[in-house]
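Numbering of the sequence shown is given in the numbering used here, commencing with residue 486 and proceeding in unit increments.
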Amino acid sequence: MTMTQDGREHVVDSGLFDAAWYQARLPNAGCDVADPLDHFMTLGVREGLPPGPLFDPSRYFARSWHLEAGVDNALLHYLLAGRAAGVVGEGVCDTTLRGGDGPVEPTLLAGFPPQPRSLAIAIHVSRPEVLQVICQRLATLPCHYTLLILVDSVDLRGVCEAIIESAGIREPAIIRQAPVRGYNIATVFSVFRNALRHHEFALFLHTEVGADGRPVFDELRQNLLPHPDAFGGLFSRLADDAALGLLQPAPPSAMPYWAFGWVGEGAQARAALRRLKPDASCPEGYFDYPAGGMFWARTRALAPFLDMAWTDADFRVATGGGVADAAPLFAATSTTRRRG
């Protein structure tokens, strides 16, 4: 699979070549590159450049030692031979992100776990156009799942039903109506707690977009619900490590530092933590948690939250935060987690 064997159609069809991501990381931001794909297939292969965030050639060469870096196209080999042979691809892993603190591991391109595992995908929806994008990806997943949708109106419920049907999703879908407050996930815990209890794993998503125009939430969604091969790797990592309770994406570079503190929500979170565990302690300052309110979880790790008799009254709307805002923060303080 040398760089003289073109294979462009395989690279494009794979979904692992991200032209915008690739060009943005070229020297001088790739301003003079008219065709990013052509650049990758020639100079990019020669220089060992990643085609996108989900495939790191250097890591692939370390596994496939018979290939020659700078000559062989690692991505093309993975697509045409390595994947079928069971060779695992790995994503780009920036271990220096946020100063290199905390466990950060690359996304794996791997098959889905051979044993059926029960998965719930919970989404609180405020923007149907974003749900449409999510459902297009869900329709490609190589597994069964239960779709749990939270909406705040009858009209939006009908729109969501139409989106799910048009995407060709044939998995069970349960839609419930309750207040949806931005990216706050706490209402999902109360409305769907029984459904979540009956699934081994859960993926939590929402449809919010960044208020300042930065694509932070889009990046998080792409990292949590990536290319089908990477999806299998994420699920396998969580399924294979019984001690792992929460799996979150590494934060995008546009995620501000202040997002990793209580942001005025400490008092509400402390009160909620005392309900869960009287002697629980809250971290001070900045700490690691799934900022943005989207993450993978083993539902057993969320049992303390699912077992609490939360009601909508607990999730009051308040300037500066409430329990609903703080839910992802205090959820992360008591689970074993890893960024990927």
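Just so you know, even glycine gets a beta-carbon here, dropped at the ideal spot from N, CA and C.
The C-alpha of residue 623 is placed about 30 Å away from the C-alpha of residue 526.
The shortest C-alpha to C-alpha distance from residue 574 to any of 555, 537, 512 is the one to 537. According to DSSP, residue pairing for residue 649 in a beta bridge does not occur. Taking the Cα of residue 691 as reference, the smallest distance to any Cα among 633, 565, 593 is reached at 633. The Cβ-Cβ distance between residue 626 and residue 686 does not fall below 9 Å. One alpha carbon belongs to residue 722, the other to residue 498, and they sit about 25 Å apart.
In this chain, the alpha helix (DSSP H) harbouring residue 723 covers 713-725. Rounded to the nearest whole angstrom, the C-alpha separation of residue 594 and residue 504 is 19 Å. Ranking 709, 671, 688 by CA distance to the CA of residue 790 puts 671 first. Residue environment: residue 730 is assigned as buried (16 or more neighbouring CB atoms within 10 Å of its CB, all protein chains considered). With a cutoff of 9 Å on beta-carbon distance, residue 540 and residue 511 are scored as not near each other. Under DSSP, the beta-bridge partners assigned to residue 607 are 633, 689. Residue 513 has its alpha-carbon roughly 26 Å from the corresponding atom of residue 561. Nearest neighbour of residue 618 by Cα position, chosen from 631, 645, 635, turns out to be 645. Per DSSP, residue 682 is one residue of the alpha helix (DSSP H) stretching across 678-682. Pairing residue 684 with residue 724, the inter-Cα distance amounts to about 12 Å. For residue 712, the CB contacts under 8 Å within the same chain, skipping 5 residues up- and downstream, are 499, 500, 501, 539, 594 in chain order. From the listed residues 549, 592, 533, 506, the smallest Cα separation to residue 733 is found for 592. Put simply, the backbone Cα of residue 509 is about 46 Å away from that of residue 759. For a cut-off of 8 Å, the C-beta gap from residue 681 to residue 663 is around 14 Å, too long to register as a contact. Between residue 554 and residue 567 the beta-carbon gap is near 15 Å, outside 8 Å, which marks them as no contact.
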